[in-house]
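A short write-up of the structure that comes next.
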Amino acid sequence: MPPASAEDRYRKIYAVVARIPRGRVATYGQVAVYAGLPGRARLVGTALRNLPDGSSLPWHRVLNAQGQISSRGGIGYEEGLQRHLLEQESVSFDARGRIDLERFAWDPETRPRRPRKTHRARK
DNA sequence: ATGCTGACTATGT
DNA sequence: TACATAGCCAGCA
């Protein structure tokens with residue numbers, strides 16, 4: 002099988018992002034794997050970067066492996082937007098601005114459900 | 001072709 | 001936990 006064209010790769014990435022359920026999040030690496038592009042987490046970031054503003058894709062549900070919102074570096078971008086969109090769907094951040102992936106990570110194998118409460122002691 | 005950049009990550013201190 | 005590094009590779013000048 003010849004290598005996928007850039008267009009196909011983007012399309013696959015967008016298709017995966019579109020499947021992330023409300024109230025759940027996925028990491029760049031995770032999206033890459035499900036898109037059949039293991040190891041290309043950076044490409045996922047690039048694809049989302051190229052996303053037009055009015056897109057209906059739930060791009061805000063994609064985070065880095067640390068459970069944090071990745072910086073765009075660009076001036077003018079409000080990191081608060083992504084956080085706000087997530088909080089609106091009940092995804093909560095801890096005091097350090099990170100999301101508990103144990104609770105909110107998307108698992109495509111399981112059916113959408115409400116995140117379990119965290120009664121687990123944290124370290 | 002070549003070199004640099006980066007919405008990334010795993011690993012080592 | 002927080003940085004630093006190295007590997008990564010598509011996009012772009």
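Here the first sequence stands for residues 2 to 124, numbered as in the working numbering. All residues carry an ideal CB built from backbone N, CA and C; glycine is no exception.
- Message: Taking the straight line between their C-alpha atoms, what separation do you get for K124 and V92?
- Response: Residue placement at K124 is flagged as unreliable, the pLDDT there being 34, under the threshold of 50; the coordinate-derived value follows with that caveat. Going by C-alpha positions, K124 is about 20 Å away from V92.
- Message: What does the alpha-carbon distance come out to for the pair P53 and R12?
- Response: Here the C-alpha atom of P53 lies approximately 14 Å from the C-alpha atom of R12.
- Query: Are the Cβ atoms of F105 and R25 separated by less than 7 Å?
  - Reply: Cβ atoms of F105 and R25: closer than 7 Å.
- Message: Using only the alpha-carbon positions, how far apart do L58 and G40 sit?
- Response: So the alpha carbons of these two residues sit roughly 22 Å apart.
- Secondary structure of V92, DSSP reduced to three states: Here V92 sits in coil by DSSP.
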